[in-house]
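Participant:
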Amino acid sequence: MAQLIGGLASSHIPAIGGAIHKGLQADPYWAPFFAGYPPVQKWLAEHKPDVMVIFYNDHGLNFFLDKMPTFAVGAAARYDNADEGWGIPTLPSFQGEVDLSWQIINHLVAKDFDIVTCQEMLVDHACTLPLKLFWPEGEAPVSIVPVNINTVQFPLPSAKRCYALGKAVGEAIAAWDSDKKVAVLASGGLSHQLDGARAGFINKAFDLQFMESLVANPEWATQFSSLELVEKTGTQGVELLMWLAMRAALSSAGPRVKEVHRNYHIPISNTATGLMAFEVAG
Amino acid sequence: MTHQIEGTTPFDGEQARKGYALNKMCFSFNEAANRTAFQKDEEAYMAQFGLTEVQKAAIRSRQVLQLIEAGGNVYYLAKFAGIFGLDMQDIGAQQTGMSKDEFKAKLKAYADSNGLSSLGLTRGSMPGRGLPGQAGQ
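Sequences listed follow chains R and Z, in order.
Position 94 of the first sequence, counting from 1, maps to 96 under our numbering, and the rest follow consecutively.
Position 5 of the second sequence, counting from 1, maps to 7 under our numbering, and the rest follow consecutively.
Here you go:
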């Protein structure tokens, strides 16, 4: 059976792509953010996952309001990055892991999740930037299965439902008939708000409490409705739903889940950035 | 939606219905050729997507709060802003009535805070749809 080796969570911000492109990693503004990543890069180099299942939210690249799925699972052999409107250089395509995609799809539907499946799917900065941060040199040596969670149009799925989704994805990975090593990744957060008169809202206390909760009490944030999470973390801070799904995927490992690394930095662009890594001890 | 959040307009079904044409136009800006076509003839491009007069006026104004009021969704509006080289801090500054430097300072101040002022935020202290300083439609 496949081995679920750990879970990672990272912020994604289009400006990061620009900073990488311009080589600003050591710039005083960017350094505290990029300095968070080497321990995760090291962990990945040592543990070498073959596949990354990525919980992320599309920002209007692949999905428009004509068809807006709550949960969508990629089932493509290849995922292309594309222009999102800002002229940030696009990244090379990513290889899919189609067998695992269908393993996850079949298991999710069996568990009563009514998902959308995508044999073609453009992946935006939310899917690509964490991989670039984890493997800054060259292409990421993993195949991927993107799992998109709607944060564009309300009503959003509840934190409780995202946790249940993540848990079911973890079960599917553990039951996959393969010798591959799989890691799960959450892309998004932490607190930030781009739109409205409250733009620029950040909630450090909540972010820190949320990160801490993921270590030993990962269901803590499922007590809040999605709108309560927007209130506490901002209209885009609600991306922490991805973090919940990621952590839930590891939940069946119980106390074998160990925190490996954590970084928190305010601000990059309008965002309180977070980075966490969890390992499932063998 | 009964849950009101200060200075925030959750993009719900009501907004999605109201803003469909506007958001569809902004979604088209993913493609460079469409950005060029818009810049060449804004009025014709807006007409092609069937924007309402309120939405057209909001586009002409370049004001994000006005665009949200017209049903715009931030993820698609970001592509519109990108045409003018505006980043998220430009947009944040504009929406909060600050200079960009003031807005950046506000963000930076959160780093040194203990976050307790954020925890004091109370629900429903302002109507979610009420955009301060914005004329009603």
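Ideal Cβ positions, reconstructed from N, Cα and C, are used throughout, including at glycine.
Just to confirm the assignment: which complete beta strand (DSSP E) runs, minimum length 3, are found wholly within the segment 176-252 of chain R?
Facilitator: Whole beta strand (DSSP E) segments, 3+ residues: 183-189.
Participant: So within the segment 8-63 of chain Z, which uninterrupted alpha helix (DSSP H) runs reach at least 4 residues, ignoring any that extend past its ends?
Facilitator: You should have 15-20, 22-30, 34-42, 44-50, 55-63.
Participant: Considering only C-alpha positions, which residue in the set R:Gln5, R:Gly9, R:Met3 is nearest to Trp245 (chain R)?
Facilitator: Cα-wise, what sits closest to Trp245 (chain R) is R:Gly9.
Participant: Give me the chain R residues within the contact set of Tyr22 (chain Z), using Cβ-Cβ distance strictly less than 8 angstroms, ordered along the chain.
Facilitator: By Cβ distance, chain R contributes Leu67.
Participant: My output table needs one value for His14 (chain R): the three-state DSSP class, helix, strand or coil.
Facilitator: Reduced to three states, the DSSP call for His14 (chain R) is coil.
Participant: What three-state label does DSSP hand Thr72 (chain R) in the structure shown?
Facilitator: Of the three classes helix, strand and coil, the one that applies to Thr72 (chain R) here is coil, per DSSP.
Participant: Quick one: residues in its chain with C-beta nearer than 6 angstroms to the C-beta of Ala251 (chain R), no 5 flanking neighbours on either side, listed in chain order?
Facilitator: So the list reads Gly168, Val171, Gly172, Val186, once near-sequence residues are dropped.
Participant: Using the Cβ count rule (16 or more neighbours within 10 Å means buried), how would you classify Met90 (chain Z)?
Facilitator: By the 10 Å Cβ count, Met90 (chain Z) comes out buried.
Participant: Name the residues in the segment 135-168 of chain R whose C-beta lies less than 8 angstroms from a C-beta of chain C; which are they?
Facilitator: Among the protein chains of the structure shown, namely R and Z, there is no chain C.
Participant: State the Cα-Cα distance for the pair Trp178 (chain R) and Ile270 (chain R), rounded to the nearest angstrom.
Facilitator: One C-alpha to the other measures close to 38 angstroms.
Participant: For Val154 (chain R), which of helix, strand or coil comes out of DSSP?
Facilitator: Looking at Val154 (chain R) - three-state DSSP - the assignment turns out to be coil, as it is neither helix nor strand.
Participant: DSSP on Ile22 (chain R), reduced to helix/strand/coil?
Facilitator: If DSSP states are grouped into helix, strand and coil, Ile22 (chain R) belongs with the helices.
Participant: Less than 8 angstroms separating the beta-carbons of Gly62 (chain R) and Phe29 (chain Z)?
Facilitator: Yes, these two residues count as a Cβ contact at 8 angstroms.
Participant: Measuring alpha carbon to alpha carbon, tell me which of Z:Tyr112, Z:Gly52, Z:Lys26 ends up nearest Leu67 (chain R).
Facilitator: When only C-alpha atoms are compared, the closest one is Z:Lys26.
Participant: Could you compute how far the alpha carbon of Met3 (chain R) sits from the alpha carbon of Ile106 (chain R)?
Facilitator: Approximately 14 angstroms between the Cα atoms of the pair.
Participant: Helix, strand or coil for Met100 (chain Z) per DSSP?
Facilitator: Three-state DSSP puts Met100 (chain Z) in coil, outside helix and strand.
Participant: Once the 5 residues before and after Ala161 (chain R) are set aside, which same chain residues still bring their CB inside 7 angstroms of it?
Facilitator: Once the five neighbours on either side are set aside, the close Cβ partners of Ala161 (chain R) are Ala223, Thr224, Phe226, Ser228, Leu231, Leu243, Leu246.
Participant: Use the C-beta contact count for Leu121 (chain Z): other C-beta atoms within 10 angstroms, 16 or more gives buried, fewer gives exposed.
Facilitator: Note that Leu121 (chain Z) scores 38 on pLDDT, short of 50, meaning its location in the model is unreliable; the coordinates nonetheless yield the value given after this. So Leu121 (chain Z) ends up on the exposed side.
Participant: If the cut is a Cβ gap below 8 angstroms, which residues of chain R does Gln41 (chain Z) touch?
Facilitator: Residues of chain R passing the Cβ test: none, with the nearest at roughly 13 angstroms.
Participant: Which residues in the same chain as Ala60 (chain Z) place their Cβ atom closer than 8 angstroms to its Cβ, once the five residues preceding and following it in sequence are excluded?
Facilitator: Excluding positions up to five away in sequence, the list reads Leu24, Gln68, Leu69, Glu71, Ala72, Gly74.
Participant: Would you mind giving the Cβ-Cβ distance between Leu196 (chain R) and Val42 (chain R), rounded to the nearest angstrom? I have them listed as a contact below 8 angstroms.
Facilitator: Not confirmed; about 26 angstroms, so no contact.
Participant: Kindly indicate if chain R contains any beta-carbon less than 8 angstroms away from that of Lys102 (chain Z).
Facilitator: Not an interface residue.
Participant: Is Val53 (chain R) closer than 8 angstroms to Glu99 (chain R) when the C-beta atoms are compared?
Facilitator: Yes, these two residues count as a Cβ contact at 8 angstroms.
Participant: When the cut-off is 8 angstroms and only beta carbons count, does Met27 (chain Z) lie next to chain R?
Facilitator: No, because no Cβ of chain R sits closer than 8 angstroms to the Cβ of Met27 (chain Z).
Participant: Between the Cα of Gly84 (chain Z) and the Cα atoms of Z:Lys110, Z:Phe40, Z:Lys108, which residue gives the shortest distance?
Facilitator: The residue with the shortest Cα to Cα distance from Gly84 (chain Z) is Z:Phe40.
Participant: Would you kindly work out how many angstroms separate the C-alpha atoms of Glu44 (chain Z) and Arg62 (chain Z), rounded to a whole number?
Facilitator: Taking the straight line joining both Cα atoms gives about 9 angstroms.
Participant: Does any C-beta atom of chain R lie closer than 8 angstroms to the C-beta of Glu44 (chain Z)?
Facilitator: No, Glu44 (chain Z) lies away from the interface with chain R (no Cβ there is under 8 angstroms from its Cβ).
Participant: What does the alpha-carbon distance come out to for the pair Pro143 (chain R) and Ala218 (chain R)?
Facilitator: Answer to the nearest angstrom: the Cα atoms are 30 angstroms apart.
Participant: With a threshold of 8 angstroms, are at least 3 pairs of Cβ atoms found where one atom belongs to the segment 107-114 of chain Z and the other to the segment 261-269 of chain R?
Facilitator: Yes, they touch.
Participant: On the DSSP bridge list, what partners appear for Pro285 (chain R)?
Facilitator: Beyond the ends of chain R as shown, which are 3 and 284, falls residue 285 (chain R); an answer cannot be given.
Participant: Within a Cβ cutoff of 6 angstroms, which residues of the same chain sit near Gln57 (chain Z), ignoring the five residues on either side of it in sequence?
Facilitator: These residues qualify, in order along the chain: Leu24, Ala72.
Participant: Does DSSP classify Lys260 (chain R) as helix, strand or coil?
Facilitator: The answer is strand: DSSP assigns Lys260 (chain R) an E or B state.
Participant: In or out: Phe13 (chain Z) buried (at least 16 other Cβ within 10 Å) or exposed?
Facilitator: With 16 or more other Cβ atoms within 10 Å, it is buried.
Participant: So which residues on chain R does Gly84 (chain Z) lean against when the C-beta distance must stay under 7 angstroms?
Facilitator: Here the neighbours are Gly87, Trp88.
Participant: Which chain Z residues are close to Glu122 (chain R), counting only those with a beta carbon under 9 angstroms from its beta carbon?
Facilitator: Those do not exist, as Glu122 (chain R) stays about 15 angstroms from chain Z at its closest Cβ, beyond 9 angstroms.
Participant: For His14 (chain R), count the other beta carbons within 10 Å of its own beta carbon; 16 or more makes it buried, fewer makes it exposed. Which is it?
Facilitator: So His14 (chain R) ends up on the buried side.
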